[in-house]
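Have a look at the structure below before the remarks.
Number of protein chains: 2
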Amino acid sequence: MVAPIARDLEAVERVYTETLASAKPHLNRLIEHLNHYKGKRLRPMLLLLSARACGPVVKAHHILGAVVEMIHTATLVHDDVLDEAGTRRHVRTVNAGWGNKTSILLGDYLFTHAFHLTSTTGDARACELIGEATNRVCEGELRQTYESGNLNLTEEDYFDIIDGKTAALTACCCRLGAMYAGADAATIEDLAEYGRLLGRAFQVADDLLDLAGTEAKAGKTLGTDLEQRKMTLPLIRVLDSVPAAEAEQLRTMLAATGNHKLEQLRPALEQTQALSYARRRAEEFAKAAAARLERLSPSTCKDVLLALTKWSVSRES
Amino acid sequence: MVAPIARDLEAVERVYTETLASAKPHLNRLIEHLNHYKGKRLRPMLLLLSARACGPVVKAHHILGAVVEMIHTATLVHDDVLDEAGTRRHVRTVNAGWGNKTSILLGDYLFTHAFHLTSTTGDARACELIGEATNRVCEGELRQTYESGNLNLTEEDYFDIIDGKTAALTACCCRLGAMYAGADAATIEDLAEYGRLLGRAFQVADDLLDLAGTEAKAGKTLGTDLEQRKMTLPLIRVLDSVPAAEAEQLRTMLAATGNHKLEQLRPALEQTQALSYARRRAEEFAKAAAARLERLSPSTCKDVLLALTKWSVSRES
Numbered sequence: 001m002v003a004p005i006a007r008d009l010e011a012v013e014r015v016y017t018e019t020l021a022s023a024k025p026h027l028n029r030l031i032e033h034l035n036h037y038k039g040k041r042l043r044p045m046l047l048l049l050s051a052r053a054c055g056p057v058v059k060a061h062h063i064l065g066a067v068v069e070m071i072h073t074a075t076l077v078h079d080d081v082l083d084e085a086g087t088r089r090h091v092r093t094v095n096a097g098w099g100n101k102t103s104i105l106l107g108d109y110l111f112t113h114a115f116h117l118t119s120t121t122g123d124a125r126a127c128e129l130i131g132e133a134t135n136r137v138c139e140g141e142l143r144q145t146y147e148s149g150n151l152n153l154t155e156e157d158y159f160d161i162i163d164g165k166t167a168a169l170t171a172c173c174c175r176l177g178a179m180y181a182g183a184d185a186a187t188i189e190d191l192a193e194y195g196r197l198l199g200r201a202f203q204v205a206d207d208l209l210d211l212a213g214t215e216a217k218a219g220k221t222l223g224t225d226l227e228q229r230k231m232t233l234p235l236i237r238v239l240d241s242v243p244a245a246e247a248e249q250l251r252t253m254l255a256a257t258g259n260h261k262l263e264q265l266r267p268a269l270e271q272t273q274a275l276s277y278a279r280r281r282a283e284e285f286a287k288a289a290a291a292r293l294e295r296l297s298p299s300t301c302k303d304v305l306l307a308l309t310k311w312s313v314s315r316e317s
Numbered sequence: 001m002v003a004p005i006a007r008d009l010e011a012v013e014r015v016y017t018e019t020l021a022s023a024k025p026h027l028n029r030l031i032e033h034l035n036h037y038k039g040k041r042l043r044p045m046l047l048l049l050s051a052r053a054c055g056p057v058v059k060a061h062h063i064l065g066a067v068v069e070m071i072h073t074a075t076l077v078h079d080d081v082l083d084e085a086g087t088r089r090h091v092r093t094v095n096a097g098w099g100n101k102t103s104i105l106l107g108d109y110l111f112t113h114a115f116h117l118t119s120t121t122g123d124a125r126a127c128e129l130i131g132e133a134t135n136r137v138c139e140g141e142l143r144q145t146y147e148s149g150n151l152n153l154t155e156e157d158y159f160d161i162i163d164g165k166t167a168a169l170t171a172c173c174c175r176l177g178a179m180y181a182g183a184d185a186a187t188i189e190d191l192a193e194y195g196r197l198l199g200r201a202f203q204v205a206d207d208l209l210d211l212a213g214t215e216a217k218a219g220k221t222l223g224t225d226l227e228q229r230k231m232t233l234p235l236i237r238v239l240d241s242v243p244a245a246e247a248e249q250l251r252t253m254l255a256a257t258g259n260h261k262l263e264q265l266r267p268a269l270e271q272t273q274a275l276s277y278a279r280r281r282a283e284e285f286a287k288a289a290a291a292r293l294e295r296l297s298p299s300t301c302k303d304v305l306l307a308l309t310k311w312s313v314s315r316e317s
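Going line by line, the protein sequences match chains A and B. Be aware that the first sequence starts at 1, since it is given in this note's numbering, and climbs by one per residue. Be aware that the second sequence starts at 1, since it is given in this note's numbering, and climbs by one per residue.
Listed below in structure tokens is the structure:
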């Protein structure tokens with residue numbers, strides 16, 4: 001890790017912690033539990049790296065780094081209620097520990113604190129960009145829920161969903177980073193597009209993990225997509241590739257209740273090489289993301305952004 | 001209704017509808033369902049009346065009127081999931097019709113659209129005030145959930161909860177109304193305090209309705225507070241007023257599962273005159289709210305704000 005970025009990340013952490021701290025002990029226990037959710041801090045990292053690759057890091061970057069992490073955590077807390085997940089990053093989820101009511105309200109608390117924190121930049125434009133991105137996140141999540149069980153989902157539908165639920169926020173992170181570092185309009189657009197493509201690559205890889213990863217490494221309940229009849233890229237590919245009669249049989253199997261779906265799906269997954277196909281698509285997005293960095297002057301942060309495109313498709317957690 | 005306010009409310013409705021409209025048919029069906037939730041539009045009314053009582057109504061008032069209604073609707077949608085309520089304003093709730101997942105995400109969608117809409121005023125101060133108020137709303141709701149089942153809740157705790165979940169937003173409405181109408185600092189504070197006290201009066205009256213109202217008039221499931229062991233002012237009063245041994249018996253009854261709690265509670269409610277006590281407290285807040293209007297110049301809107309203080313404690317729905 002580049003030293004200045006490590007210091008920036010610490011500053012982001014401080015803003016995050018100070019913003020959520022409450023005088024109410026019961027609330028503080030809840031907020032402390034969120035520390036266990038602490039993951040890669042990918043979104044603040046993207047924001048800070050985009051900033052340093054373009055110019056100086058300012059106070060707004062630290063504030064907005066905390067904002068994007070708070071929004072991401074809010075969606076995780078609400079996702080866990082939606083998915084009825086019991087484990088996240090190796091510890092029990094908020095809903096498993098405190099119930100759904102508290103989880104819903106804690107997610108709301110994180111959202112409203114994120115928006116209030118954004119306003120402390122004093123810049124309505126930041127509020128607008130964060131608002132736009134979170135609008136898209138919610139649209140994507142709503143569409144995903146609506147389409148759950150739709151076994152005829154197309155690739156186009158799938159990408160519309162992940163552009164909303166994942167790529168809109170990663171694009172926003174990179175845009176804000178570049179913008180507050182004083183980058184010119186073309187560079188800001190390049191970085192926003194880098195963020196969008198990286199988000200796509202990341203989400204396709206995430207969906208692959210749910211099918212082909214190991215729970216021990218991922219640290220969360222896997223196989224939930226199949227269980228919830230949520231169509232992801234490899235599944236769509238399988239159904240598009242096999243003869244119609246076989247596709248119908250697979251749809252019947254996927255629609256049924258009960259376990260062992262992955263085992264039943266495995267022969268078709270191998271025969272159609274659907275996992276390799278999805279991996280290849282993720283790599284294409286990662287490559288396209290990398291291309292958007294070309295106009296940046298050489299720097300260590302540019303190198304890290306470039307390395308992230310490789311990591312996004314090769315990670316195991 | 002005063003004619004200009006009716007036109008302002010229509011403008012607020014237009015902003016509200018245009019902001020939430022989506023190109024996705026499945027989303028539009030959900031958003032249309034929210035029209036059934038349409039109630040008194042109390043919060044935009046407070047904002048617009050506070051504005052016209054102080055000065056001219058501007059575009060920001062229409063935008064922020066839609067914002068506060070959207071936030072209120074978001075909390076209703078999430079409340080219905082929390083309460084597992086089946087009916088709201090005489091029609092089925094979103095969670096009863098579409099399930100909890102969709103309700104949680106629709107609430108999030110309303111929150112994020114409200115924040116994005118706020119940013120279109122171009123004023124970070126509006127984002128800050130809306131952010132502050134919604135932070136308090138969530139804190140209040142979280143505390144209410146945490147304290148649910150705490151049969152030793154004090155009056156002070158109760159008022160802290162309702163100041164968050166209700167009064168913070170009504171105070172914010174009046175503050176924003178006065179502020180964007182160009183009122184001076186003292187008037188802005190007067191109106192914010194009017195809004196806070198009116199919100200308190202309104203919430204105490206609402207809690208009374210849940211115990212003493214009729215479902216036909218209120219248009220929603222009543223008695224949910226007792227069912228959820230949520231202590232409200234009359235209940236706290238009863239337990240404070242009866243001898244310790246009787247209070248313990250009542251607590252045991254309230255803590256038990258099963259029905260007919262209201263019937264079992266009725267003798268103690270009558271003996272201690274706890275309903276009258278709560279009504280009297282609501283009236284005190286309403287009166288204190290009215291006093292905050294004294295410095296305003298005479299106007300029809302001032303008269304309506306005054307009338308609202310009376311209505312807040314006498315309504316049946």
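The beta-carbon is built from N, C-alpha and C at its ideal position, and this holds for glycine as well. Computed from a prediction, not measured in an experiment: that's the story for all the values here.
Pull up the CB-CB distance for residue i and residue j, whole angstroms please, since I reckon it's below 8 Å.
i	j	result
residue 272/A	residue 237/A	6 Å
residue 164/B	residue 199/B	Their Cβ separation, rounded to whole angstroms, is 10 Å, which puts residue 164/B and residue 199/B out of contact at 8 Å.
residue 313/B	residue 283/B	5 Å
residue 112/B	residue 135/A	5 Å
residue 241/B	residue 212/B	That pair is no contact at about 17 Å.
residue 204/B	residue 281/B	6 Å
residue 278/A	residue 309/A	With 8 Å as the limit, residue 278/A and residue 309/A do not qualify as a contact, their Cβ atoms being about 17 Å apart.
residue 207/A	residue 233/A	6 Å
residue 146/B	residue 33/A	Going by Cβ atoms, the distance from residue 146/B to residue 33/A rounds to 14 Å, so no, they are not a contact pair.
residue 11/A	residue 299/A	So it is not a contact: roughly 20 Å between Cβ atoms.
The alpha helix (DSSP H) with residue i in it runs from where to where?
i	result
residue 253/A	244-255
residue 48/A	42-54
residue 261/A	261-271
residue 165/A	No alpha helix (DSSP H) contains residue 165/A, which DSSP labels as neither H nor E.
residue 133/A	124-147
residue 154/A	Counting along the chain, residue 154/A falls outside any alpha helix (DSSP H), and DSSP gives it neither H nor E.
residue 102/A	100-119
residue 32/B	25-33
residue 292/B	Residue 292/B -> no alpha helix (DSSP H), and no H or E assigned at all.
residue 194/B	185-212
So, at 6 Å on beta carbons, what are the nonlocal neighbours of residue i in its own chain, with the 5 sequence-adjacent residues on each side left out?
i	result
residue 121/A	60, 63
residue 143/A	161
residue 100/A	81
residue 57/A	8, 51
residue 118/A	67, 126, 127, 130
residue 114/A	67, 70, 71
residue 304/A	49
residue 107/A	74, 77, 78
residue 92/A	none
residue 249/A	none
Sorry if obvious, but does the Cβ on residue i come closer than 6 Å to a heavy atom of the ligand MN?
i	result
residue 282/B	Among the components of this structure there are no ligands whatsoever, and the ligand MN is therefore not found.
By Cβ distance, which residues of its chain are closer than 8 Å to residue i, with the 5 residues on each side in sequence left out?
i	result
residue 170/B	42, 43, 46, 195, 196, 198, 199, 202
residue 22/B	28, 31
residue 154/A	236
residue 151/A	229, 231, 239, 251, 254, 255
residue 148/B	228, 229, 230
residue 246/A	268
residue 292/B	190, 191, 193, 194, 197
residue 286/A	197, 198, 201, 309, 310, 312, 313
Name, please, each residue of chain E whose Cβ falls closer than 9 Å to the Cβ of residue i.
i	result
residue 260/B	Of the protein chains in the structure, A and B, none is chain E.
Interfacial residues, the region 228-250 of chain B to chain A, with Cβ spacing under 8 Å: Residues of the region 228-250 of chain B with a C-beta less than 8 Å from any C-beta of chain A: none at all.
Interface residues of the region 161-186 of chain B facing chain A [CB-CB below 9 Å]: Within the region 161-186 of chain B, no residue has a Cβ that lies closer than 9 Å to any Cβ of chain A.
Name the residues in the region 132-147 of chain B whose C-beta lies less than 8 Å from a C-beta of chain A; which are they? Within the region 132-147 of chain B, the residues whose Cβ lies closer than 8 Å to some Cβ of chain A are 132, 134, 135, 137, 138, 139, 141, 142, 143, 145, 146, listed in chain order.
Would you be able to state if there are at least three C-beta pairs under 8 Å between the region 265-284 of chain B and the region 170-183 of chain B? When Cβ pairs closer than 8 Å are counted between the two stretches, the region 170-183 of chain B is seen not to touch the region 265-284 of chain B, the count staying below three.
May I ask you to verify whether the region 65-81 of chain B touches the region 34-43 of chain B, counting CB pairs closer than 8 Å and requiring at least 3? Between the region 65-81 of chain B and the region 34-43 of chain B there are three or more C-beta pairs closer than 8 Å, enough to call the two in contact.
Near-chain A residues of the region 116-130 of chain B (beta-carbon distance less than 9 Å), N- to C-terminal order: Flagged, chain order: 116, 117, 118, 119, 120, 121, 122, 123, 124, 125, 126, 127, 128, 129, 130.
Near-chain B residues of the region 23-55 of chain A - C-beta to any C-beta below 9 Å: Taking 9 Å as the cut-off between beta carbons, the residues of the region 23-55 of chain A near chain B are 24, 26, 27, 30, in sequence order.
Proximal residues, the region 97-111 of chain B versus chain A, C-beta separation under 8 Å: Residues passing the 8 Å Cβ filter: 100, 101, 102, 104, 105, 106, 107, 108, 109, 111.
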